[in-house]
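Report on the structure given below.
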Amino acid sequence: MINRRVSISTRIARIAMLIVGFGFLYVPILGLVVFSFNDSRFPSLPWSGFTLRWYRDFASNPDIVASLVNSLTVAVQVGFFALVLGSLGAYLVARWEFKAMNALLGFWIMPPTVPTLILALALLMYFNQLHITGTLTAVILGHTGLASAFVVAVMRLRFVALDPNLEEASVNLGFSRWATFWRVTAPQIAPGAAASFFIAMAVSWDEFVIAWFLSGFDTTLPVQMFGVLSGYVSPMINAVGTFVFAVTTLLVLAALLILNRPVGGKKPLEVERVHADELSRKEG
Amino acid sequence: MELKESQAHTQVDAPLVSFEGVSKRFGNVEALKRIDLEVLPGEFIAVIGPSGCGKTTLLRLLAGLEEPSSGRMTLAGTDLATVAAAKRRTPMVWQNYALFPFMTVRQNVEFALKAIKTPTGELSSRVDEYLRKLGIEHLAENEIATISGGQKQRVALARALVQEPEILLLDEPLSALDAHLRVRMQTELKQMHLQSGITFFYVTHYQSEALSMADRIVVMNAGEIIQIGAPREIYRKPRTRFVAEFMGANNVMKAQVVDKRADQLTLSLFGVQVSVQNSLGSLIEAGDIVDVAVSADRIHPVADRHASAGVRLAGKLQGTNFSGSTITYFIEMTDGTVLRAELLAAQLTEGLEVLGSDLEIYWDPKDMVLLESEG
Numbered sequence: 266m267i268n269r270r271v272s273i274s275t276r277i278a279r280i281a282m283l284i285v286g287f288g289f290l291y292v293p294i295l296g297l298v299v300f301s302f303n304d305s306r307f308p309s310l311p312w313s314g315f316t317l318r319w320y321r322d323f324a325s326n327p328d329i330v331a332s333l334v335n336s337l338t339v340a341v342q343v344g345f346f347a348l349v350l351g352s353l354g355a356y357l358v359a360r361w362e363f364k365a366m367n368a369l370l371g372f373w374i375m376p377p378t379v380p381t382l383i384l385a386l387a388l389l390m391y392f393n394q395l396h397i398t399g400t401l402t403a404v405i406l407g408h409t410g411l412a413s414a415f416v417v418a419v420m421r422l423r424f425v426a427l428d429p430n431l432e433e434a435s436v437n438l439g440f441s442r443w444a445t446f447w448r449v450t451a452p453q454i455a456p457g458a459a460a461s462f463f464i465a466m467a468v469s470w471d472e473f474v475i476a477w478f479l480s481g482f483d484t485t486l487p488v489q490m491f492g493v494l495s496g497y498v499s500p501m502i503n504a505v506g507t508f509v510f511a512v513t514t515l516l517v518l519a520a521l522l523i524l525n526r527p528v529g530g531k532k533p534l535e536v537e538r539v540h541a542d543e544l545s546r547k548e549g
Numbered sequence: 009m010e011l012k013e014s015q016a017h018t019q020v021d022a023p024l025v026s027f028e029g030v031s032k033r034f035g036n037v038e039a040l041k042r043i044d045l046e047v048l049p050g051e052f053i054a055v056i057g058p059s060g061c062g063k064t065t066l067l068r069l070l071a072g073l074e075e076p077s078s079g080r081m082t083l084a085g086t087d088l089a090t091v092a093a094a095k096r097r098t099p100m101v102w103q104n105y106a107l108f109p110f111m112t113v114r115q116n117v118e119f120a121l122k123a124i125k126t127p128t129g130e131l132s133s134r135v136d137e138y139l140r141k142l143g144i145e146h147l148a149e150n151e152i153a154t155i156s157g158g159q160k161q162r163v164a165l166a167r168a169l170v171q172e173p174e175i176l177l178l179d180e181p182l183s184a185l186d187a188h189l190r191v192r193m194q195t196e197l198k199q200m201h202l203q204s205g206i207t208f209f210y211v212t213h214y215q216s217e218a219l220s221m222a223d224r225i226v227v228m229n230a231g232e233i234i235q236i237g238a239p240r241e242i243y244r245k246p247r248t249r250f251v252a253e254f255m256g257a258n259n260v261m262k263a264q265v266v267d268k269r270a271d272q273l274t275l276s277l278f279g280v281q282v283s284v285q286n287s288l289g290s291l292i293e294a295g296d297i298v299d300v301a302v303s304a305d306r307i308h309p310v311a312d313r314h315a316s317a318g319v320r321l322a323g324k325l326q327g328t329n330f331s332g333s334t335i336t337y338f339i340e341m342t343d344g345t346v347l348r349a350e351l352l353a354a355q356l357t358e359g360l361e362v363l364g365s366d367l368e369i370y371w372d373p374k375d376m377v378l379l380e381s382e383g
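Protein sequences, first through last, are from chains A and B.
Quick note on the working numbering: the first sequence kicks off at 266 and runs consecutively.
Quick note on the working numbering: the second sequence kicks off at 9 and runs consecutively.
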């Protein structure tokens, strides 16, 4: 905690900035959430009463439910494949001392910054050659590439933070390389891996452009929503949108909680302090 | 600690460890050049040298963490070429301790026992025994992040010793501790060595650690062993200029060999003729320039002692450095060379410390060490 005294005006300015920032980001989404519970055909004020009917519509629409199930199965598989691919890449980047590594890392984490439309178009042409366009497999492959960039970013830091002496110490004490991986390496990277898995799932879960290009009749939830929007607009779409947003939020929150999890029952800062105290008391 | 059966039957002079012509290259860098070294069972051997001299590589080769480029190593008579690192039973104490941060103190020590497949029933009693021996039983359930550097050091030692190995490898184990704690741990390590009978293979770059703990010191530089000997021998009879300067408070001077007769040499040192025993034999001829070392604590001001024999030289007192029990004098000789004389403060006569004053110094010719030329 920062204990510096701040003047009232500074405090007001800070709170104002917070409100403006969060307002800018979340007011539109909040509107979507609010209108998903509004008992009216039209998403406009005044408030006409609370209802769950749009959610019932959503749950009883077989096309929407089918695409939701598709989205979930795609997201889980993307999470898994992106974790494997991204972890391997992160391990290489962290352990392989090689001059062009930073440039390679740059290329690996670039896809999220390429306009998705271009990425999707390129994937469409490429997968056409492989005759897999129009399938969920194509969507999974496309999303895996995109999501693996996020996995590399998270896992690289985990691997860099690993002390290579720990693995050597385990082998030195008598465990095989394989046993060492499970006993020493895995426990240290597990939180990062879990967080990466959730982030990759979130990337896939709400991705629209790639899914729209690569999927066929069997499609994902965002693509299905787009289809609904281009036809008759029902407030049900607000309910679906709220649901998609809630799932994304849960995934990202889970990832953040895991990544910030305190070490050994203590927050990192506390550990530092305890350590310093012990040092000065026992050795001073 | 009970003797291992293999140890009990080993003959006294059979080495526990041997390096035979061991070399190690990393790319174009020759980290070790044909090393020959034998370590006796129960010995405390300290390998010392500046950073990059190959001392840590030697340790890692023995542990199997690196493969030698050529040569042969044996441990208790077994050729190590076919023994994987995990099977060697050469536990190591690391400079940064290498404790597992996601385990408690107890789990760290237990890890070492599980690694050598100790029966589950014995685990907790053996862990307790070693936590007690190292005085850290009260920390058993602590997370590693919450204990101090000195405590981590003890956990690291417990984790290695609990395997009751024949040899313990220590890689600069005290370097991360503050000076005061380091001295205390030196005494404890020495005691641990005497009580356990385990061979200690200790790598360090601190002269004081090697001198105070080791039975034998191996001095290394640039991938080669320069000298092997007991601490007093290394300190008093350095073989080369490198050892003289690295291991002690030695003054190294250049002298010319004026005359060589039987086993006597006459040297010209700061213009004064000095007669010394020729310890270098045929390595040296009349007319050669030779490096001569004299330890700082063997140089005395003439006024301070009433000895008349010995090497007497004139100089100027250029500076002093008081450090409690001793005072170091910096004496400028006629040719500008500055010699260091370390004097016991308690024995010093008053009135000598006028900077710039003439000062006559002397030393016993027996305290002069002729150094072999390097390379």
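Ideal Cβ positions, reconstructed from N, Cα and C, are used throughout, including at glycine.
Just so it is clear, the structure is predicted and the values come from calculations on it, not from any experiment.
Under 9 Å by beta carbon: chain A residues contacting residue i
{"i": "residue 100 (chain B)", "result": "433, 434, 437 and 438"}
{"i": "residue 175 (chain B)", "result": "Neighbours of residue 175 (chain B) on chain A: none; closest Cβ ~12 Å, over 9 Å."}
{"i": "residue 124 (chain B)", "result": "438 and 439"}
{"i": "residue 94 (chain B)", "result": "435, 436, 437, 438, 439, 440, 441, 442, 444 and 445"}
Burial state of residue i (16 or more Cβ within 10 Å)
{"i": "residue 285 (chain A)", "result": "exposed"}
{"i": "residue 36 (chain B)", "result": "exposed"}
{"i": "residue 216 (chain B)", "result": "exposed"}
{"i": "residue 522 (chain A)", "result": "exposed"}
{"i": "residue 160 (chain B)", "result": "buried"}
{"i": "residue 17 (chain B)", "result": "Note that residue 17 (chain B) has pLDDT 47, beneath the 50 cutoff, so the model's placement of it is unreliable and the number below is only indicative. So residue 17 (chain B) ends up on the exposed side."}
{"i": "residue 167 (chain B)", "result": "buried"}
{"i": "residue 422 (chain A)", "result": "exposed"}
{"i": "residue 455 (chain A)", "result": "exposed"}
{"i": "residue 306 (chain B)", "result": "buried"}
{"i": "residue 291 (chain A)", "result": "exposed"}
{"i": "residue 174 (chain B)", "result": "buried"}
{"i": "residue 426 (chain A)", "result": "exposed"}
{"i": "residue 364 (chain A)", "result": "exposed"}
{"i": "residue 14 (chain B)", "result": "Bear in mind that the predicted position of residue 14 (chain B) carries a pLDDT of just 46, short of 50, making it too unreliable to give a figure here."}
{"i": "residue 364 (chain B)", "result": "exposed"}
Segment limits, alpha helix (DSSP H) that includes residue i
{"i": "residue 371 (chain B)", "result": "Premise fails: residue 371 (chain B) lies in the beta strand (DSSP E), 366-371, not in any alpha helix (DSSP H)."}
{"i": "residue 458 (chain A)", "result": "451-470"}
{"i": "residue 81 (chain B)", "result": "From DSSP, residue 81 (chain B) is part of no alpha helix (DSSP H) but of the beta strand (DSSP E) over 78-83."}
{"i": "residue 402 (chain A)", "result": "401-426"}
{"i": "residue 375 (chain A)", "result": "Unbroken run through residue 375 (chain A): none, as it is neither H nor E."}
{"i": "residue 65 (chain B)", "result": "63-71"}
{"i": "residue 38 (chain B)", "result": "Where residue 38 (chain B) is concerned, there is no enclosing alpha helix (DSSP H), although the beta strand (DSSP E) it sits in stretches over 37-47."}
{"i": "residue 56 (chain B)", "result": "First-last for residue 56 (chain B): 52-56, but that is the beta strand (DSSP E), not the alpha helix (DSSP H)."}
{"i": "residue 385 (chain A)", "result": "381-394"}
{"i": "residue 379 (chain B)", "result": "Premise fails: residue 379 (chain B) lies in the beta strand (DSSP E), 376-379, not in any alpha helix (DSSP H)."}
{"i": "residue 432 (chain A)", "result": "429-438"}
Per-residue contacts from residue i into chain B (C-beta, under 8 Å)
{"i": "residue 449 (chain A)", "result": "108"}
Residue range of the unbroken beta strand (DSSP E) whose run includes residue i
{"i": "residue 341 (chain B)", "result": "334-341"}
{"i": "residue 142 (chain B)", "result": "Unbroken run through residue 142 (chain B): none, as it is neither H nor E."}
{"i": "residue 211 (chain B)", "result": "207-212"}
{"i": "residue 329 (chain B)", "result": "319-330"}
{"i": "residue 29 (chain B)", "result": "25-34"}
{"i": "residue 167 (chain B)", "result": "No beta strand (DSSP E) holds residue 167 (chain B); the alpha helix (DSSP H) holding it covers 157-169."}
{"i": "residue 111 (chain B)", "result": "No beta strand (DSSP E) holds residue 111 (chain B); DSSP gives it neither H nor E."}
{"i": "residue 350 (chain B)", "result": "346-352"}
{"i": "residue 176 (chain B)", "result": "175-179"}
{"i": "residue 297 (chain B)", "result": "297-303"}
Under 9 Å from the C-beta of residue i: neighbouring residues of chain B
{"i": "residue 453 (chain A)", "result": "108, 109 and 110"}
{"i": "residue 430 (chain A)", "result": "102, 103, 104, 105 and 106"}
Contact list for residue i against chain A, beta-carbon separation under 7 Å
{"i": "residue 120 (chain B)", "result": "438"}
- Message: My parser needs the beta strand (DSSP E) runs of 3 or more residues fully inside the segment 219-288 of chain B; what are they?
- Response: 224-229, 232-237, 258-269, 272-277 and 280-285
- Message: Along the segment 65-85 of chain B, where does the CB come closer than 9 Å to a CB of chain A? Name the residues.
- Response: 68, 71, 72 and 73
- Query: Along the segment 468-484 of chain A, what residues have a CB closer than 9 Å to any CB found in chain B?
  - Reply: none
- Task: Return the residues of the segment 298-312 of chain A that lie within a Cβ-Cβ distance of less than 7 Å from chain B, sorted by chain order.
- Result: none
- Task: Let me know the alpha helix (DSSP H) ranges lying completely inside the segment 295-362 of chain A, each 4 residues or longer, listed in chain order.
- Result: 318-324 and 327-360
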